[in-house]
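Only one structure is covered here, and it is reproduced in the block below.
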Amino acid sequence: MPTIPIDDICKTLGISQSTLYRYLKIRGNNK
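Under our numbering, the sequence shown is numbered contiguously, ending at residue 33.
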């Protein structure tokens, strides 16, 4: 799995890092 810089993801999606981490946390908890 390729490593993608968090900053690049945030810039692409137009969201903040805290928003991204919260989203990933929710996704992880709902598996």
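Note that the Cβ used here is the ideal one computed from N, Cα and C, for glycine as well. Quantities reported herein were computed from a predicted structural model and do not represent experimental measurements.
Between Ile-6 and Leu-22 a beta carbon distance of about 11 Å is seen, past the 8 Å cut, so the two are scored as non-contacting. With respect to Gln-19, Ile-28 sits apart: the two C-beta atoms are not nearer than 9 Å. For Asn-31, the enclosing alpha helix (DSSP H) has its first and last residue at 19–31. Here DSSP, grouped into helix, strand and coil, assigns Thr-14 to helix.
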